[in-house]
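Asks:
Number of protein chains: 2
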Amino acid sequence: MESRSGCGPLIAPLNDTMRPLRQQIFERVRAAGLIPRVEVAKALGISPASVTTLTSELIDQGLLEEVAAPRATSDSGRGRPPVALGVRPEAHYVAGIKLSDREHTAVIVDFAGNVIASEAIAMVANSKSVEDLLDTCETLIDLVTEKSGVARTRLSSIGIGVPGFVEGRSGRVIWSPLLANKMVDLAPQARERFDLPVTIDNDANLVALAELWFGAGRELSDFAVITIEHGVGMGYVMNHRLFRGAEGLGTELGHVKVQLDGALCRCGQRGCLEAYIADYALAREAATALDQSAADIQGTAALLEHLHEEAKKGNKAAKSIFNRAGRYLAVGLANVVNLFDPSKIFLSGGRMRYDFLYANDVLAEMDTLVLNTRHDVTAVEVHSWGDLLWARGAAALALSSLTETCLNGGVETGTA
Amino acid sequence: MESRSGCGPLIAPLNDTMRPLRQQIFERVRAAGLIPRVEVAKALGISPASVTTLTSELIDQGLLEEVAAPRATSDSGRGRPPVALGVRPEAHYVAGIKLSDREHTAVIVDFAGNVIASEAIAMVANSKSVEDLLDTCETLIDLVTEKSGVARTRLSSIGIGVPGFVEGRSGRVIWSPLLANKMVDLAPQARERFDLPVTIDNDANLVALAELWFGAGRELSDFAVITIEHGVGMGYVMNHRLFRGAEGLGTELGHVKVQLDGALCRCGQRGCLEAYIADYALAREAATALDQSAADIQGTAALLEHLHEEAKKGNKAAKSIFNRAGRYLAVGLANVVNLFDPSKIFLSGGRMRYDFLYANDVLAEMDTLVLNTRHDVTAVEVHSWGDLLWARGAAALALSSLTETCLNGGVETGTA
DNA sequence: AGGTATTAATTTGAGTGTCAAAATAAAAAA
DNA sequence: TTTTTTATTTTGACACTCAAATTAATACCT
Chain A
1 MESRSGCGPL IAPLNDTMRP LRQQIFERVR AAGLIPRVEV AKALGISPAS
51 VTTLTSELID QGLLEEVAAP RATSDSGRGR PPVALGVRPE AHYVAGIKLS
101 DREHTAVIVD FAGNVIASEA IAMVANSKSV EDLLDTCETL IDLVTEKSGV
151 ARTRLSSIGI GVPGFVEGRS GRVIWSPLLA NKMVDLAPQA RERFDLPVTI
201 DNDANLVALA ELWFGAGREL SDFAVITIEH GVGMGYVMNH RLFRGAEGLG
251 TELGHVKVQL DGALCRCGQR GCLEAYIADY ALAREAATAL DQSAADIQGT
301 AALLEHLHEE AKKGNKAAKS IFNRAGRYLA VGLANVVNLF DPSKIFLSGG
351 RMRYDFLYAN DVLAEMDTLV LNTRHDVTAV EVHSWGDLLW ARGAAALALS
401 SLTETCLNGG VETGTA
Chain B
1001 MESRSGCGPL IAPLNDTMRP LRQQIFERVR AAGLIPRVEV AKALGISPAS
1051 VTTLTSELID QGLLEEVAAP RATSDSGRGR PPVALGVRPE AHYVAGIKLS
1101 DREHTAVIVD FAGNVIASEA IAMVANSKSV EDLLDTCETL IDLVTEKSGV
1151 ARTRLSSIGI GVPGFVEGRS GRVIWSPLLA NKMVDLAPQA RERFDLPVTI
1201 DNDANLVALA ELWFGAGREL SDFAVITIEH GVGMGYVMNH RLFRGAEGLG
1251 TELGHVKVQL DGALCRCGQR GCLEAYIADY ALAREAATAL DQSAADIQGT
1301 AALLEHLHEE AKKGNKAAKS IFNRAGRYLA VGLANVVNLF DPSKIFLSGG
1351 RMRYDFLYAN DVLAEMDTLV LNTRHDVTAV EVHSWGDLLW ARGAAALALS
1401 SLTETCLNGG VETGTA
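Right under this line is the structure:
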């Protein structure tokens, strides 16, 4: 009577149909959760014979298993009942870690994509050295493996999400608020430390991966995920795969220029989208808008909360801050639509609470800025997910690289 | 003593390595121009045996041929001399047509990518009906086939480039300055009229295709081509293939917003990049900047020429027009870099003559607007090509769809 | 000139992956 | 129980690709 939801993109990348059938079958099974062989054959347009052959191999390898599934009610009930296949969850376990400047989160996910356990610790005021960062990761892994009951030696891969600029392919952190140094080869060092394959990426890309593997993006081929927190990030999924630009760095929506000679950004330039809508941008205006006493509020979060309250109460200055931010957000979204033409945009992340930013009139303004010749207005969805989301994205990152090595022996899909 | 330069992308799309070997071999040969079998085997990492088998098939089909080539000088000269293979030029002929509001151009290109003949006619002041447009195409084809000596019945495919918004996959023109109606199924109607496969696309995409097939883009995997004429267009090549967004429409750089509540654009919106740097944008400011007498100049082209002269003479108002346009161009370019991260940007097209727009300080300003964490500054190249370029792009479009059908019997790579 | 070294291309036989068709298995319906 | 229906496996064949052996064509050497 078991039933699984599956994970991973629902539709195989288009032109990649010609890649090893073993892998296609495995990914189909993982995507479906539970699926009988006939369905796999039908879905991939291959013969049942091949499915039998290849799945038996995968079962022998311990990657798939037969599961007694309840008969679908829609079925006529006649004939030999199908026997469902599923990914063998205990085949592998991976850890997903999300590091941030507030708190660090970690999850253990099994090979079928189920979250076994999660754990979070507050940000440690450390020295911003690589060693301390890796110590933090180690602590987290110890905590979460303990909680999950999965021995640390049973982990097969680790995925880590870091804020800042990350070069996914090489595993190098170009710059991060968590590290004092630039150009840190984080993934290689972590690999050494934990004696496990380690993949790292930008946190915005992780949210995109989370949507692609576990969320609403599973059935979409092209979509954008935009996160607004301390900075503004974007992950873009194209043809069911994360797009990382030609040079391996992600898309930097936060530093798209929306105003010539505009507001000053953390990056030192002027007119970046981030300089209008990120936390720190709102906070620095808040100090001006609110009266002296309010300016004493400690911490950005509390300050913004207060600003939000004021705006709701009708404080004009406070409202205008959100208004302007909303308008620039609309410009940013419209530019993404005009350049990428995604089928959907997700505004996603843990702190989607400043409803002024995600109000209907912001979306309406975006519509007026989008070239109106396209068929339909691009749909925008607001996903207010918890912090766990990011860690799951990191787990998805680890899972995808793990399956790659599992199924075709180390042949990576990345650039040669 | 023959030698050919070849055409088509130099490097095969990455993940597509798993596609029919026949096609890979063919494309390799076409890319190289002339190449011996050994080299093909080495380049594709397959056995010489397979190359022999498959090329002999292709030769039997009349798609490839053996060519007596001069021995490479670098060669030691020992051993059996290689016999070069090349695409059989007379296997097929395609027509490429570029329609614009100034003049229409057409080329005949053989299967190996050689331009056999080209022809141009001035824009006919017609009714903007589909019929008239197809009449124009027919006239062009008659002219250019006559000139080339290739019988019209020998044409295998036609590619047409149209300004405006074009949905490449379906062959539908959403809107074009050349057509009174919106949503015209141009490609299907042309297919019927000429009884040939017809592919159409946006003119900016054609320039990108031209760079990819015949130009400097052949050895790049990811690059942007930006054209500035009546409007601003962009074509983006990703992984050696033209990117068309999720919905099949191209990327609309011209309508990216660079200024909230900014200058009025042809499209009815405000702040579009086009509204600052396209011909009409410069022209409407020129009327203000130049003295009364100059404002009488007939025609946008002449007016801009005059403006350009004035700026060179030191006219401050004229200079400021180009200056501002240049700065906004820098913003547009920087945004493309920040979002797509291409390895190169081509400023390409037939009218790259306003050197103020393509001056070094514009590019310098772009560099200051690009996120400075990335390795190198993105290279920008200015390509001042003639009008023929567009038609060659259209021919490339026809060629690519033709080879697709030739080599795997109608199985298109496009979305299923 | 004739033999040898060298490189290119082809032939051959084997291995692999995939499939169609036939056979088998497991259930409900008659 | 037998028949019908659907799922899975088995079997034999076909197509693709390759490694190794063979043949072809040239330059170098004596």
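First to last, the sequence lines map onto chains A and B.
Using this note's numbering, you'd call the opening residue of the first sequence number 1 and step up by one each time.
Using this note's numbering, you'd call the opening residue of the second sequence number 1001 and step up by one each time.
Yeah, the Cβ is synthetic: ideal placement off N, Cα and C, and Gly gets one too.
For Val1315 (chain B), which three-state DSSP category applies?
Replies: Numbered from 1 along the second sequence, position 315 holds the residue referred to as residue 1315 (chain B). Before going on, a small fix: residue 1315 (chain B) reads as Asn here, not Val. In this structure, Asn1315 (chain B) counts as coil in the three-state DSSP scheme.
Asks: Going by Cα to Cα distance, which pick from B:Leu1273, B:Leu1209, B:Asp1201, B:Lys1319 is closest to Gly1248 (chain B)?
Replies: Position 248 of the second sequence holds residue 1248 (chain B). If we check each option's Cα against that of Gly1248 (chain B), B:Asp1201 comes out closest.
Asks: Buried or exposed for Arg78 (chain A), going by 16 or more other Cβ atoms inside 10 Å?
Replies: For the purposes of this step, residue 78 (chain A) is identified with residue 78 of the first sequence, where counting begins at 1. It is exposed - the Cβ of Arg78 (chain A) has fewer than 16 other Cβ atoms within 10 Å.
Asks: What does Asn181 (chain A) touch in chain B if you count any residue whose Cβ is under 7 Å from its own?
Replies: Numbered from its first residue, the first sequence carries residue 181 (chain A) at position 181. Result: empty, since nearest Cβ-Cβ is about 13 Å, beyond 7 Å.
Asks: Residues in the same chain with beta-carbon distance under 8 Å from Gly1379 (chain B), minus the five sequence neighbours each way, listed in chain order, please.
Replies: Numbered from 1 along the second sequence, position 379 holds the residue referred to as residue 1379 (chain B). A quick correction: the sequence has Ala, not Gly, at residue 1379 (chain B). Around Ala1379 (chain B): Ser1343, Lys1344, Ile1345.
Asks: Answer yes or no: do Ala1283 (chain B) and Val1237 (chain B) have a C-beta to C-beta separation smaller than 8 Å?
Replies: The residue you call residue 1283 (chain B) lines up with position 283 of the second sequence. The residue you call residue 1237 (chain B) lines up with position 237 of the second sequence. Their beta carbons are not under 8 Å apart, which means Ala1283 (chain B) does not touch Val1237 (chain B) by this criterion.
Asks: Is Thr1251 (chain B) close to chain A, meaning its C-beta is less than 8 Å from at least one C-beta of that chain?
Replies: As a first step, residue 1251 (chain B) must be located in the second sequence, where it is residue number 251. For Thr1251 (chain B), the answer is yes, since a Cβ of chain A falls inside 8 Å of its Cβ.
Asks: In angstroms, rounded to a whole number, what distance separates the CA positions of Val1225 (chain B) and Ser1348 (chain B)?
Replies: Within the second sequence, residue 1225 (chain B) is the residue found at index 225, counting from 1. Within the second sequence, residue 1348 (chain B) is the residue found at index 348, counting from 1. Going from the Cα of Val1225 (chain B) to the Cα of Ser1348 (chain B) covers about 6 Å.
Asks: Pick from A:Leu178, A:Asp222, A:Val382, A:Gly171: whose alpha carbon is nearest that of Pro197 (chain A)?
Replies: Working through the first sequence from its first residue, we reach residue 197 (chain A) at position 197. Ranking the options by Cα distance to Pro197 (chain A), first place goes to A:Gly171.
Asks: When the cut-off is 8 Å and only beta carbons count, does Cys267 (chain A) lie next to chain B?
Replies: Position 267 of the first sequence holds residue 267 (chain A). By this cut-off, Cys267 (chain A) is an interface position.
Asks: Taking the alpha helix (DSSP H) that Glu1211 (chain B) falls in, what are its first and last residues?
Replies: One-based indexing of the second sequence puts residue 1211 (chain B) at position 211. First-last of the alpha helix (DSSP H) with Glu1211 (chain B): 1203-1214.
Asks: So is Lys257 (chain A) buried or exposed if we call it buried at 16+ other beta carbons inside 10 Å?
Replies: By 1-based counting over the first sequence, the position of residue 257 (chain A) is 257. It counts as buried.
Asks: Below 8 Å, can you find three or more Cβ-Cβ pairs linking the region 1160-1170 of chain B to the region 1111-1129 of chain B?
Replies: no
Asks: When you compare the CB of Gly1086 (chain B) with every CB in chain A, is at least one pair closer than 8 Å?
Replies: Reading the second sequence from its first residue, position 86 is the one you call residue 1086 (chain B). So no, Gly1086 (chain B) is outside the interface.
Asks: Any Cβ of chain A within less than 8 Å of the Cβ of Ser1074 (chain B)?
Replies: Your numbering for residue 1074 (chain B) matches position 74 in the second sequence. Model confidence at Ser1074 (chain B) stands at a pLDDT of 49, short of 50, so the residue's coordinates are unreliable; what they give is reported in the following sentence. No, its Cβ sits nowhere closer than 8 Å to a Cβ of chain A.
Asks: Mind listing the chain A neighbours of Pro1342 (chain B)? Cutoff is C-beta to C-beta under 7 Å, in chain order.
Replies: If you number the second sequence from 1, residue 1342 (chain B) lands on position 342. Per Cβ cutoff of 7 Å: Ala246.
Asks: Residues in the region 321-336 of chain A with C-beta within 8 Å of chain B's C-beta atoms, listed in sequence order?
Replies: Arg327, Tyr328, Val331, Ala334, Asn335, Val336
Asks: Taking the alpha-carbon of Leu304 (chain A) as reference, which of A:Tyr93, A:Gly217, A:Gly86, A:His230 has the nearest alpha-carbon?
Replies: Taking the first residue of the first sequence as position 1, residue 304 (chain A) is located at position 304. Residue A:His230 is the option with its Cα nearest to Leu304 (chain A).
Asks: Taking all protein chains shown into account, do 16 or more other C-beta atoms lie within 10 angstroms of the C-beta of Glu1167 (chain B), making it buried, or fewer, making it exposed?
Replies: As a working note, residue 1167 (chain B) is residue 167 in the second sequence. Flag for Glu1167 (chain B) reads buried.
Asks: Listed from N- to C-terminal order along the chain, which residues in the region 115-133 of chain A have their beta-carbon within a distance smaller than 8 Å of any beta-carbon of chain B?
Replies: Cβ contacts with chain B: none found.
Asks: Who are the near neighbours of Ile496 (chain A) in its chain, counting only those whose CB is closer than 7 Å to its CB and skipping five residues on each side?
Replies: Residue coverage of chain A in this structure runs from 1 to 416, which leaves residue 496 (chain A) outside it and unanswerable.
Asks: Just checking: is the beta-carbon of Asp1222 (chain B) within a distance shorter than 8 Å of some beta-carbon in chain A?
Replies: Stepping through the second sequence from its first residue, residue 1222 (chain B) is reached at position 222. So yes, Asp1222 (chain B) belongs to the interface.
Asks: Is there a Cβ from chain B that is less than 8 Å from the Cβ of Asn408 (chain A)?
Replies: Taking the first sequence and counting its residues from 1, one reaches residue 408 (chain A) at position 408. Chain B has no Cβ within less than 8 Å of the Cβ of Asn408 (chain A).
Asks: Identify, in the order they occur along the chain, each residue of the same chain with its Cβ nearer than 6 Å to the Cβ of Leu333 (chain A), setting aside the five sequence neighbours on each side.
Replies: The sequence position of residue 333 (chain A) within the first sequence is 333, counting from 1. The residues are Met366.
Asks: Run the CB neighbour count on Lys1128 (chain B), radius 10 Å, all protein chains shown included, and call it buried at 16 or more, exposed below.
Replies: The count along the second sequence starts at 1 and reaches residue 1128 (chain B) at position 128. Exposed is the call here.
Asks: Along the chain, which unbroken stretches of the alpha helix (DSSP H) at least 4 residues long are found entirely within the region 64-148 of chain A?
Replies: 130-148
Asks: Go ahead and label Lys98 (chain A) buried or exposed: buried means 16 or more other beta carbons lie within 10 angstroms of its beta carbon, across all protein chains shown.
Replies: Mapped onto the first sequence, residue 98 (chain A) falls at position 98. Per the 10 Å Cβ criterion, buried.
Asks: Can you round the beta-carbon distance between Phe26 (chain A) and Leu402 (chain A) to whole angstroms, since I take them to be within the 8 Å contact cut?
Replies: Along the first sequence, read from residue 1 onward, the residue named residue 26 (chain A) stands at position 26. Along the first sequence, read from residue 1 onward, the residue named residue 402 (chain A) stands at position 402. No, Phe26 (chain A) and Leu402 (chain A) are not in contact; Cβ-Cβ is about 12 Å, not under 8 Å.
Asks: At which residues does the alpha helix (DSSP H) containing Glu167 (chain A) begin and terminate?
Replies: Locating residue 167 (chain A) in the first sequence gives position 167, where the first residue counts as 1. No alpha helix (DSSP H) contains Glu167 (chain A), which is instead part of the beta strand (DSSP E) from 165-167.
Asks: By how many angstroms is the C-alpha of Ser1056 (chain B) removed from the C-alpha of Arg1028 (chain B)?
Replies: Locating residue 1028 (chain B) in the second sequence gives position 28, counting from the first residue. Locating residue 1056 (chain B) in the second sequence gives position 56, counting from the first residue. C-alpha separation (whole angstroms): 15 Å.
Asks: Can you pull the chain A neighbours of Asn1338 (chain B), defined as C-beta to C-beta under 7 Å?
Replies: The count along the second sequence starts at 1 and reaches residue 1338 (chain B) at position 338. Those within 7 Å of Asn1338 (chain B) in chain A are Glu252, His255, Val256.
Asks: Which of the three DSSP states, helix, strand or coil, is assigned to Cys272 (chain A)?
Replies: One-based indexing of the first sequence puts residue 272 (chain A) at position 272. Of the three classes helix, strand and coil, the one that applies to Cys272 (chain A) here is strand, per DSSP.
Asks: In the DSSP output, what is Lys257 (chain A) paired with across the bridge?
Replies: Within the first sequence, numbered from 1, the residue matching residue 257 (chain A) stands at position 257. BP columns for Lys257 (chain A) point to A:Cys272.
Asks: Would you mind stating whether Asn323 (chain A) and Asn1335 (chain B) have Cβ atoms separated by less than 8 Å?
Replies: By one-based count along the first sequence, residue 323 (chain A) stands at place 323. By one-based count along the second sequence, residue 1335 (chain B) stands at place 335. No, these two residues do not count as a Cβ contact at 8 Å.
Asks: Bridge partners for Arg1241 (chain B) per DSSP, in chain order?
Replies: In the second sequence, the residue the question calls residue 1241 (chain B) occupies position 241. Paired residue(s): B:Met1238.
Asks: Gln1259 (chain B) touches chain A at which residues, Cβ-Cβ below 8 Å?
Replies: Locating residue 1259 (chain B) in the second sequence gives position 259, counting from the first residue. The answer, in chain order, is Gln259, Leu260.
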